[in-house]
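A.B. asks: One structure, pasted below without further comment.
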Amino acid sequence: GENVEQHPSTLSVQEGDSAVIKCTYSDSASNYFPWYKQELGKGPQLIIDIRSNVGEKKDQRIAVTLNKTAKHFSLHITETQPEDSAVYFCAAGGSGTYKYIFGTGTRLKVLA
Amino acid sequence: NAGVTQTPKFQVLKTGQSMTLQCAQDMNHNSMYWYRQDPGMGLRLIYYSASEGTTDKGEVPNGYNVSRLNKREFSLRLESAAPSQTSVYFCATTSGMVNTGELFFGEGSRLTVL
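Going line by line, the protein sequences match chains A and B.
For what it's worth, my numbering labels the leading residue of the first sequence as 189, then goes sequentially.
For what it's worth, my numbering labels the leading residue of the second sequence as 3, then goes sequentially.
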């Protein structure tokens with residue numbers, strides 16, 4: 189069945205360093221790849237997304253890259269700050285469907 | 003404008019008891035979802051409703067039933083709760099199909115089954 193693998197499960201970085209989270213998807217029909225941030229006690233919130241006709245997208249300190257051939261996509265956070273500490277989820281979905289398949293999450297800790 | 007509202011926020015049940023988790027959205031969205039979140043397993047889809055009047059199974063539907071009461075409300079029922087259903091449950095909504103808009107989540111309902 190459809191599957192999204194996410195690595196690493198936990199990541200600790202020093203404040204100001206970069207963080208990278210990687211996901212691999214199995215369904216070649218997937219063409220929409222959102223990333224969600226979940227703060228403690230809250231629901232996940234969309235931070236950035238990318239569609240299959242684009243290889244990279246940036247929004248200030250956050251960027252996402254997509255390699256459709258390898259079925260990989262990654263989240264890059266530069267100049268990390270303590271408020272970036274949270275759980276991050278990747279997801280994949282296909283146009284014409286209603287289902288989003290989520291990765292297992294990455295707990296990011298930014299050490300001051 | 004509350005967005006997505008889930009009730010209750012916390013609930014403790016005994017094995018075999020039943021309960022219903024309620025979700026209401028004021029975003030005029032067509033599609034609604036129920037996910038469960040367990041440590042190390044991410045968010046797994048239980049059921050979804052593409053539009054009012056329709057419901058479909060997700061990855062882990064066993065032990066659950068849903069009702070799309072109207073466009074605003076989507077409830078999740080546990081008929082006979084089991085310890086394996088201890089989890090945090092999230093309701094989410096979006097305007098339509100994947101790729102047509104952002105998926106908005108409620109704040110979650112933490113359920114413990116003893």
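For each residue, glycine too, the CB sits at the ideal point set by N, CA and C.
(1) Whose C-beta lies closer than 6 Å to the C-beta of residue 209 (chain A) among residues of the same chain, with five residues either side of it excluded?
(2) Identify the continuous beta strand (DSSP E) that holds residue 23 (chain B) and give its terminal residues.
(3) Name the residue from A:235, A:225, A:287 whose alpha carbon lies nearest to the alpha carbon of residue 61 (chain B).
(4) If you check the beta carbons only, do residue 90 (chain B) and residue 65 (chain B) fall under 7 Å apart?
(5) Rounded to a whole number of angstroms, what is the C-alpha to C-alpha distance between residue 270 (chain A) and residue 211 (chain A)?
(6) Tell me, which residues are paired with residue 43 (chain B) by DSSP?
(7) Is there a Cβ from chain A that is less than 7 Å from the Cβ of residue 76 (chain B)?
(8) Which chain B residues sit within Cβ distance under 8 Å of residue 219 (chain A)?
(9) Can you tell me which of the three DSSP states residue 53 (chain B) falls into?
(10) In three-state terms, what does DSSP make of residue 313 (chain A)?
(11) If you count every other CB in all the chains shown that lies within 10 Å of the CB of residue 9 (chain B), and 16 or more means buried, which is it?
(12) What do you get for residue 281 (chain A), buried or exposed, if any count of 16 or more other CB atoms within 10 angstroms of its CB means buried?
(13) Touching or not, the region 15–25 of chain B and the region 221–240 of chain A, by the rule of three or more beta carbon pairs under 8 Å?
(14) Please list, in chain order, the residues of the region 243–254 of chain A that have any C-beta partner in chain B closer than 9 Å.
(15) Would you say residue 83 (chain B) faces chain A, with C-beta separation under 7 Å as the test?
(16) With a threshold of 16 other CB atoms inside 10 Å of the CB of residue 43 (chain B), please say whether the residue is buried or exposed.
(17) For residue 196 (chain A), does the three-state DSSP call read helix, strand or coil?
(18) Indicate the three-state DSSP secondary structure (helix, strand or coil) for residue 248 (chain A) in the structure shown.
(19) Quick one: give me the first and last residue of the beta strand (DSSP E) that residue 260 (chain A) is part of.
(20) Taking all protein chains shown into account, do 16 or more other C-beta atoms lie within 10 angstroms of the C-beta of residue 218 (chain A), making it buried, or fewer, making it exposed?
(21) Where residue 99 (chain B) and residue 33 (chain B) are concerned, what is the direct C-alpha to C-alpha distance, given to the nearest angstrom?
(22) Drop a sphere of 10 angstroms on the beta-carbon of residue 84 (chain B), count the other beta-carbons inside from all chains shown, and report buried for 16 or more, exposed for fewer.
C.D. replies: In terms of the structure at hand:
(1) Non-local C-beta neighbours of residue 209 (chain A) in its own chain, meaning closer than 6 Å and more than five positions away in sequence, comprise 263, 276, 294, ordered along the chain.
(2) Element bounds for residue 23 (chain B): 21–27.
(3) Taking only the C-alpha atoms, the option nearest residue 61 (chain B) is A:287.
(4) No, the pair does not count as a contact, with Cβ atoms beyond the cut-off.
(5) Our two residues, residue 270 (chain A) and residue 211 (chain A), have alpha carbons roughly 23 Å apart in a direct line.
(6) Within the DSSP secondary-structure output, residue 43 (chain B) pairs in no beta bridge.
(7) Closer than 7 Å: no.
(8) Annotation: Cβ neighbours of residue 219 (chain A) in chain B (cutoff 8 Å, chain order): 101.
(9) In the structure shown, residue 53 (chain B) sits in coil (DSSP, three-state: anything other than H, G, I, E or B).
(10) Because residue 313 (chain A) is not part of the residues shown, which for chain A are 189 to 300, the question remains open.
(11) Of the other Cβ atoms in all chains shown, fewer than 16 fall within 10 Å of the Cβ of residue 9 (chain B); this residue is therefore exposed.
(12) By the 10 Å Cβ count, residue 281 (chain A) comes out buried.
(13) Result no; under three Cβ-Cβ pairs closer than 8 Å.
(14) Residues passing the 9 Å Cβ filter: none.
(15) Answer no: the Cβ-Cβ gap between residue 83 (chain B) and chain A never drops below 7 Å.
(16) When all chains shown are included, residue 43 (chain B) counts as exposed.
(17) Assigned with DSSP and collapsed to three states, residue 196 (chain A) falls in coil, not helix or strand.
(18) Secondary structure of residue 248 (chain A) (DSSP, three-state): coil.
(19) Start and end: 260–265.
(20) Taking every protein chain shown into account, the CB of residue 218 (chain A) has 16 or more other CB atoms within 10 angstroms, so this residue is buried.
(21) Residue 99 (chain B) and residue 33 (chain B) have their C-alpha atoms roughly 8 Å apart.
(22) Around the Cβ of residue 84 (chain B), a 10 Å sphere holds fewer than 16 other Cβ atoms; the residue is exposed.
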